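Throughout, the working numbering is defined as the position within the sequence shown, counted from one, plus 1. We put the beta carbon where it would ideally sit given N, CA and C, even for glycine. Since this is a predicted model, take the numbers as computed values, not measurements. Report on the following structure.
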Amino acid sequence: MAKSTSKQGSGEASSGVVLKGKVGKIGGREYVLVDLEYVQARDILKAEAYNPQTGKGWQRELNEDKAGKLVAAMRGGHYTPAAFSASISDKHTVNRKGDHVEILGVTRDTPLNQIDGQHRSWALAKLFAEDQDKWTDTTIPLLITLDHSRLAEDFLNLQKSNPVARNLLRSIEVKEGLITDADKMELITLATDVISKLALTKTSFMPNGVAYTSNEKKKMQYSSLISPGASTLATTVYGGAKIAKDKGKSAKWLYDVYMVGWNYLEKNLKPADSEIPNETTTRLAFMSDGKNDIRLLTPLSKDGNRGGTSLLIAVLNMLAWSTAKADLDAPAENDLKKMCECVDMLWAEVQFDGGSAPDLRHHAGEFAKLYYKGYRGDKHDDIPTDLLDVLSPSTFDLKGKEYKSEKREAEKARLKALGLTLKGKPMGKRGRKPKAEETPPAKSPALEAREAAEARIASQTPA
Numbered sequence: 002m003a004k005s006t007s008k009q010g011s012g013e014a015s016s017g018v019v020l021k022g023k024v025g026k027i028g029g030r031e032y033v034l035v036d037l038e039y040v041q042a043r044d045i046l047k048a049e050a051y052n053p054q055t056g057k058g059w060q061r062e063l064n065e066d067k068a069g070k071l072v073a074a075m076r077g078g079h080y081t082p083a084a085f086s087a088s089i090s091d092k093h094t095v096n097r098k099g100d101h102v103e104i105l106g107v108t109r110d111t112p113l114n115q116i117d118g119q120h121r122s123w124a125l126a127k128l129f130a131e132d133q134d135k136w137t138d139t140t141i142p143l144l145i146t147l148d149h150s151r152l153a154e155d156f157l158n159l160q161k162s163n164p165v166a167r168n169l170l171r172s173i174e175v176k177e178g179l180i181t182d183a184d185k186m187e188l189i190t191l192a193t194d195v196i197s198k199l200a201l202t203k204t205s206f207m208p209n210g211v212a213y214t215s216n217e218k219k220k221m222q223y224s225s226l227i228s229p230g231a232s233t234l235a236t237t238v239y240g241g242a243k244i245a246k247d248k249g250k251s252a253k254w255l256y257d258v259y260m261v262g263w264n265y266l267e268k269n270l271k272p273a274d275s276e277i278p279n280e281t282t283t284r285l286a287f288m289s290d291g292k293n294d295i296r297l298l299t300p301l302s303k304d305g306n307r308g309g310t311s312l313l314i315a316v317l318n319m320l321a322w323s324t325a326k327a328d329l330d331a332p333a334e335n336d337l338k339k340m341c342e343c344v345d346m347l348w349a350e351v352q353f354d355g356g357s358a359p360d361l362r363h364h365a366g367e368f369a370k371l372y373y374k375g376y377r378g379d380k381h382d383d384i385p386t387d388l389l390d391v392l393s394p395s396t397f398d399l400k401g402k403e404y405k406s407e408k409r410e411a412e413k414a415r416l417k418a419l420g421l422t423l424k425g426k427p428m429g430k431r432g433r434k435p436k437a438e439e440t441p442p443a444k445s446p447a448l449e450a451r452e453a454a455e456a457r458i459a460s461q462t463p464a
């Protein structure tokens, strides 16, 4: 292993080292392995936490609990030595001499970018401060990569076996364009633009409420908001991005629809001043009385929870689809009014029920069925098929196989009317006896009243 040589500059701040070593290669990547005294390493290694707002940095935030355990292990002689990792920056010069290199320009002002070993560096700094004489002869093996353009990628690769916050990994993957699926990357980029605007808008339903680099419980998880999973599309901004892209709409358009819808809901769903509700029970939908009485649609920004925010996104995504379907720049007043009436009918008196994934799918489904009641286009189980094609049946708690079978049968019928046949195997078996029709049970007064209310809402058909 090569060693470094000290080279003093004109002052304390500019003193640095010349790093020399033989070039190694793995899979086409070049690196140099050097042995550094800790007192040198501490001055020329920099670990900058990733900041999603500025796009700067590459590291995760320091976990002092983890670093504290390393302190105890090192102090007790139970630490297993391992190489630290760093990368050169564009401020450094690499001189090649055969299969050896010299790395110049490494100083306290222009340090190496530390990729791995941040917590070990913190632990050594603490031990050195406690007893300088005991730790002054400490040396560390340092692996230096010679391609600074791959700094973030190298950090991600080294963290894949570590318990790093998924939010941080996703944030850096998006920033560096490391998602190989071009369509997915386009949707995630659109969704990220919307999420960033919502997080920076004080009057949104997620003001400063997105965790990009950690797993903060009181914030929405960035990785969840951009999740492409079929069963979560209704409740994520990624699903909203799919709706926008399907109709050629922009991130600004989706953000504006979200804000118009949210402002309308907030105005009409805020708690009444009196404990006695007025004739519009919708006012109870956002009521939150501490942890004991949280209404279903209460977002984190209103002392609610992640489940409430996710369900709110589902409601706004349904509004976005109606607006996009009608090719409007902003939601129609009739759609906004119907959105509130559906929320009122479904959830005015419903308390938070845990916010599990199956619960959210069920609630998204029941809202979509009521909101699109009276829709004149093709539907499956009361939800527009065009919407199911953009998102998915499973996100509304519907069975995908049944939907695909129904679509196939509809296509067969259409082709049959044209005197054509559908290629492929026929669906189902012939000769089955039809099921006997069941006599529907008698309707209760409450059910009759609900159906009357649904009929009234259905007369206000969203686009």
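(message) Pop quiz: Leu37 and Leu143 are said to be a contact at Cβ under 8 Å. What is the actual Cβ separation, rounded to whole angstroms?
(response) Here residue 37 corresponds to residue number 36 of the sequence shown, with the count starting at 1. Here residue 143 corresponds to residue number 142 of the sequence shown, with the count starting at 1. At roughly 5 Å, the Cβ-Cβ gap stays under 8 Å, so Leu37 and Leu143 are in contact.
(request) Report the residue from Phe206, Leu34, Ala192 whose alpha carbon sits nearest the alpha carbon of Leu226. (result) Mapped onto the sequence shown, residue 226 falls at position 225. The residue with the shortest Cα to Cα distance from Leu226 is Ala192.
(message) What does the alpha-carbon distance come out to for the pair Ala454 and Ala349?
(response) By one-based count along the sequence shown, residue 454 stands at place 453. By one-based count along the sequence shown, residue 349 stands at place 348. Near 15 Å, if we compare the C-alpha coordinates of Ala349 and Ala454.
(request) For my contact list, Tyr223 and Ala212 are in at a C-beta cut-off of 8 Å; report their separation, rounded to the angstrom. (result) For the purposes of this step, residue 223 is taken as the residue at position 222 of the sequence shown. For the purposes of this step, residue 212 is taken as the residue at position 211 of the sequence shown. Contact check for Tyr223 and Ala212: beta-carbon distance about 6 Å, within the 8 Å limit, so the pair qualifies.
(message) Using a Cβ-Cβ cutoff of less than 7 Å, which residues in the same chain neighbour Pro300 once the five nearest sequence positions on both sides are dropped?
(response) For the purposes of this step, residue 300 is taken as residue 299 along the sequence shown, with counting starting at 1. Only Phe206, Gly309, Thr310, Leu313 meet the Cβ criterion.
(request) Identify whether Ala443 lies in helix, strand or coil by the three-state DSSP scheme. (result) As a first step, residue 443 must be located in the sequence shown, where it is residue number 442. For Ala443, the three-state secondary structure derived from DSSP is coil.
(request) For my contact list, Tyr256 and Cys341 are in at a C-beta cut-off of 8 Å; report their separation, rounded to the angstrom. (result) Residue 256 sits at position 255 when you count from the first residue of the sequence shown. Residue 341 sits at position 340 when you count from the first residue of the sequence shown. So it is not a contact: roughly 21 Å between Cβ atoms.
(message) DSSP has Arg30 in a bridge; who is on the other side?
(response) Here residue 30 refers to the residue found at position 29 of the sequence shown. As computed with DSSP, Arg30 is found in a beta bridge with Ile27.
(message) In the DSSP assignment, the beta strand (DSSP E) including Gln119 goes from what residue to what residue?
(response) If you number the sequence shown from 1, residue 119 lands on position 118. Per DSSP, Gln119 belongs to no beta strand (DSSP E); it is in the alpha helix (DSSP H), 119-131.
(request) Report yes or no: do the stretch 20-34 and the stretch 97-104 share at least 3 C-beta pairs separated by less than 8 Å? (result) The count of Cβ pairs closer than 8 Å, one atom from the stretch 20-34 and one from the stretch 97-104, reaches three, so the stretches are in contact.
(request) Have a look at Asp194, Lys135, Glu131, Ile116 and flag the residue whose alpha-carbon is nearest the alpha-carbon of Leu152. (result) Locating residue 152 in the sequence shown gives position 151, where the first residue counts as 1. Of Asp194, Lys135, Glu131, Ile116, the residue nearest in Cα terms is Ile116.
(message) What does the alpha-carbon distance come out to for the pair Leu347 and Phe368?
(response) The residue given as residue 347 occupies position 346 in the sequence shown. The residue given as residue 368 occupies position 367 in the sequence shown. When only Cα atoms are considered, Leu347 and Phe368 end up about 7 Å apart.
(message) Using a 10 Å radius around the Cβ and a threshold of 16 neighbouring Cβ atoms, would you call Asn269 buried or exposed?
(response) The residue you call residue 269 lines up with position 268 of the sequence shown. Only buried fits Asn269, as 16 or more other CB atoms lie within 10 angstroms of its CB.
(request) Give the range of the beta strand (DSSP E) segment to which Ser88 is assigned. (result) Here residue 88 refers to the residue found at position 87 of the sequence shown. Counted as a single uninterrupted DSSP element, the beta strand (DSSP E) harbouring Ser88 occupies residues 85-88.
(request) Identify which residue in Leu234, Asp379, Asp184 has its Cα closest to the Cα of Pro359. (result) Within the sequence shown, the letter at position 358 stands for residue 359. Among Leu234, Asp379, Asp184, the Cα nearest to that of Pro359 belongs to Leu234.
(request) Quickly, what does DSSP pair Asn114 with across the bridge? List them, please. (result) Numbered from 1 along the sequence shown, position 113 holds the residue referred to as residue 114. As a beta-bridge residue in DSSP terms, Asn114 pairs with Lys47, Ser88.
(message) Could you check whether Gly378 and Ser460 sit closer than 8 Å to each other, using their CB atoms as the reference points?
(response) Taking the first residue of the sequence shown as position 1, residue 460 is located at position 459. Taking the first residue of the sequence shown as position 1, residue 378 is located at position 377. No, the Cβ-Cβ distance between Ser460 and Gly378 is not below 8 Å.
(message) Can you look up Ala331 in the DSSP assignment and give me helix, strand or coil?
(response) On the sequence shown, residue 331 is found 330 positions in, with the first residue counted as 1. Here DSSP, grouped into helix, strand and coil, assigns Ala331 to coil.
(request) Leaving aside the five residues before and after Asp66 along the sequence, list all residues of the same chain whose C-beta is less than 8 Å from its C-beta, in chain order. (result) Position 65 of the sequence shown, counting from 1, holds the residue named residue 66. Listed in chain order, the non-local C-beta contacts of Asp66 below 8 Å within the same chain number zero, local neighbours out to five positions each way being set aside.
(message) Mapping the DSSP letters down to three states, classify Arg109 as helix, strand or coil.
(response) Locating residue 109 in the sequence shown gives position 108, where the first residue counts as 1. If DSSP states are grouped into helix, strand and coil, Arg109 belongs with coil.
(request) Check whether the Cβ atoms of Leu392 and Lys243 lie closer than 8 Å to each other. (result) As a working mapping, residue 392 is identified with position 391 in the sequence shown. As a working mapping, residue 243 is identified with position 242 in the sequence shown. Contact check for Leu392 against Lys243 passes: the beta carbons are separated by less than 8 Å.
(request) May I ask you to report which of helix, strand or coil DSSP gives His381? (result) Against the sequence shown, residue 381 aligns to sequence position 380. Three-state result, His381: strand.
(request) Helix, strand or coil for Gln41, going by three-state DSSP, please let me know. (result) Within the sequence shown, the letter at position 40 stands for residue 41. Gln41: helix per DSSP, three-state reduction.
(request) Determine the DSSP secondary structure at Asn269, reduced to helix, strand or coil. (result) Reading the sequence shown from its first residue, position 268 is the one you call residue 269. Of the three classes helix, strand and coil, the one that applies to Asn269 here is helix, per DSSP.
(message) What ranges does the alpha helix (DSSP H) occupy inside the stretch 207-236, keeping only unbroken runs of at least 4 residues that lie completely in it?
(response) Here the runs fully enclosed are 223-226.
(request) Quick one: using the 10 Å Cβ neighbour count with 16 as the cut-off for buried, is His79 buried or exposed? (result) As a first step, residue 79 must be located in the sequence shown, where it is residue number 78. Residue environment for His79: exposed (fewer than 16 other C-beta atoms within 10 angstroms of its C-beta).
(message) Pairs of beta-carbons, one from the stretch 75-89 and one from the stretch 119-137, closer than 8 Å: are there three or more?
(response) Yes: the two stretches touch, three or more of their Cβ pairs being nearer than 8 Å.
(message) Which residue marks the beginning of the beta strand (DSSP E) containing Val238, and which one marks its end?
(response) Indexing the sequence shown from 1 puts residue 238 at position 237. Per DSSP, Val238 lies in no beta strand (DSSP E) segment; the continuous alpha helix (DSSP H) that holds it begins and ends at 238-247.
(request) For Thr299, name the three-state secondary structure that DSSP assigns. (result) Position 298 of the sequence shown holds residue 299. Looking at Thr299 - three-state DSSP - the assignment turns out to be coil, as it is neither helix nor strand.
(request) Taking Leu361 as the reference, give the member of Val344, Thr396, Lys253 with the closest Cα. (result) The residue labelled residue 361 in the question sits at position 360 within the sequence shown. Nearest option by C-alpha distance: Thr396.
(message) Using the Cβ count rule (16 or more neighbours within 10 Å means buried), how would you classify Val195?
(response) Taking the sequence shown and counting its residues from 1, the one referred to as residue 195 is at position 194. Burial call: buried.
(request) Please state whether DSSP places Asp36 in a helix, a strand or coil. (result) Indexing the sequence shown from 1 puts residue 36 at position 35. When DSSP states are grouped into helix, strand and coil, Asp36 belongs to the strand group.
(request) Compute the distance between the beta-carbons of Leu297 and Tyr259, then report whether it is under 8 Å. (result) Counting from 1 along the sequence shown, the entry for residue 297 is found at position 296. Counting from 1 along the sequence shown, the entry for residue 259 is found at position 258. The beta carbons of Leu297 and Tyr259 sit no closer together than 8 Å.
(message) Can you tell me whether Arg97 is buried or exposed? The criterion is at least 16 other CB atoms within 10 Å of its CB, across all chains shown.
(response) Mapped onto the sequence shown, residue 97 falls at position 96. A residue is called buried once 16 or more other Cβ atoms fall within 10 Å of its Cβ, and Arg97, having fewer, is exposed.
(message) On the criterion of 16 or more Cβ atoms from any shown chain inside 10 Å, does Val351 qualify as buried, or is it exposed?
(response) Counting from one through the sequence shown, the residue named residue 351 turns up at place 350. Residue environment analysis places Val351 among the exposed positions, since fewer than 16 neighbouring C-beta atoms fall within 10 angstroms of its C-beta.
(message) Can you tell me whether Gln133 is buried or exposed? The criterion is at least 16 other CB atoms within 10 Å of its CB, across all chains shown.
(response) Start at 1 with the first residue of the sequence shown, and residue 133 comes out as number 132. When all chains shown are included, Gln133 counts as exposed.
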